[in-house]
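Structure first, then comments.
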Amino acid sequence: MPYRILIADDEKDIRSVLSLYMEDAGFEVVEAADGQEALDAIAREHIDLCLLDIMMPVLDGYQVLKRIRETSDLPVIVISAKGQDPEKILGLNLGADDYMVKPFNPLEAVARVNATLRRAKGAAAQAPEPAAVLRCHDLELDQDACTLTCGGVPVELTPVELRIMTLLMEHPGRVFTKQQIYEAGWDEDYIAAENSVMVCLSKLRAKLSQDPQAYIKTIRGIGYRLEK
Numbered sequence: 083m084p085y086r087i088l089i090a091d092d093e094k095d096i097r098s099v100l101s102l103y104m105e106d107a108g109f110e111v112v113e114a115a116d117g118q119e120a121l122d123a124i125a126r127e128h129i130d131l132c133l134l135d136i137m138m139p140v141l142d143g144y145q146v147l148k149r150i151r152e153t154s155d156l157p158v159i160v161i162s163a164k165g166q167d168p169e170k171i172l173g174l175n176l177g178a179d180d181y182m183v184k185p186f187n188p189l190e191a192v193a194r195v196n197a198t199l200r201r202a203k204g205a206a207a208q209a210p211e212p213a214a215v216l217r218c219h220d221l222e223l224d225q226d227a228c229t230l231t232c233g234g235v236p237v238e239l240t241p242v243e244l245r246i247m248t249l250l251m252e253h254p255g256r257v258f259t260k261q262q263i264y265e266a267g268w269d270e271d272y273i274a275a276e277n278s279v280m281v282c283l284s285k286l287r288a289k290l291s292q293d294p295q296a297y298i299k300t301i302r303g304i305g306y307r308l309e310k
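Residues in the sequence shown are numbered from 83 upward in steps of one, following the numbering used here.
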């Protein structure tokens with residue numbers, strides 16, 4: 083899908099020229115003739131970047147920029163006849179990603195749009211991923227927060243128990259030997275530690291249910307698995 087660019091400027095000639103160049107560069111274009119139209123377009127449409135004039139009727143560009151930044155990190159390039167440093171600094175401090183002074187070469191505007199979109203895309207790619215949550219039955223394990231709930235009720239786990247539950251919930255239905263469970267839970271080599279695994283699993287089962295086989299099932303002579 084092509085990126086959609088909002089051009090917000092009260093001068094029709096500027097909107098027309100910019101629209102022509104942006105569409106020629108492969109962008110979709112939405113136009114707005116005043117600040118309120120710009121905000122309405124952002125609320126109504128999926129906009130990827132806004133070219134925002136400062137001197138507009140109804141709401142000026144600074145007011146629009148403030149409103150945008152209250153709820154969104156939408157890339158915004160200010161386009162303005164005000165080229166003094168205080169004006170540029172104000173625009174950038176309000177959250178503009180770039181600032182262009184009129185008159186400007188439309189090809190420069192296309193280049194700045196492309197550069198700003200690349201930066202925005204790169205920042206989104208580097209943003210932290212949401213917490214990894216494992217789910218099985220009514221169990222929910224948040225790996226980032228290191229918390230487990232059973233039927234929505236928090237279950238207090240030791241670090242060893244947490245690591246064991248992570249192993250089992252990452253592979254529900256898979257059978258793990260005592261050695262595999264020990265090495266995952268205690269994070270060390272397994273050396274005749276069968277009793278430690280059995281005691282730990284017994285305590286863990288008791289925290290999950292009164293029925294010891296409800297969640298973690300014993301596979302006689304092989305090991306344990308979390309029931310699917």
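Ideal Cβ positions, reconstructed from N, Cα and C, are used throughout, including at glycine. Small disclaimer: the values here were computed from a predicted structure and weren't measured.
Around the C-beta of residue i, are 16 or more other C-beta atoms found within 10 angstroms, so that it is buried, or is it exposed?
i	result
Arg200	exposed
Met83	exposed
Cys282	buried
Ile159	buried
Leu239	buried
Ala120	buried
Leu147	buried
Leu174	exposed
Once the 5 residues before and after residue i are set aside, which same chain residues still bring their CB inside 8 Å of it?
i	result
Asp92	Ala115, Asp116, Asp135, Met137, Met138 and Pro139
Gln118	Val140 and Leu141
Pull up the distance between the alpha-carbon of residue i and that of residue j, whole angstroms please.
i	j	result
Leu244	Asp224	10 Å
Leu308	Gly204	39 Å
Cys218	Met251	7 Å
Phe186	Glu110	21 Å
Under the DSSP definition of a beta bridge, which residues are partnered with residue i?
i	result
Ala114	Ala90
Glu222	Arg217 and Thr231
Thr248	BP columns for Thr248 are empty, so no partner.
Val158	Cys132
Looking only at its own chain, which residues have a Cβ that is under 6 Å from the Cβ of residue i, when we skip the five neighbours before and after it?
i	result
Glu113	Ile89 and Arg97
Thr103	Note on identity: in this sequence residue 103 is Tyr, with Thr being the wrong assignment. Excluding positions up to five away in sequence, the list reads Pro188 and Val192.
Pro157	Leu131, Asp179, Thr198 and Ala202
Lys310	Pro254 and Gly255
Between residue i and residue j, which are expected to be in contact by the criterion C-beta below 8 Å, what is the C-beta distance as a whole number of angstroms?
i	j	result
Ile298	Arg287	6 Å
Leu249	Cys232	Contact flag wrong, Cβ pair sits at about 17 Å.
Excluding the five sequence neighbours on either side, which residues of its own chain have a C-beta within less than 7 Å of the C-beta of residue i, listed in chain order?
i	result
Val279	Lys260, Ile263 and Tyr264
Ala107	Val192
Ser291	Tyr297
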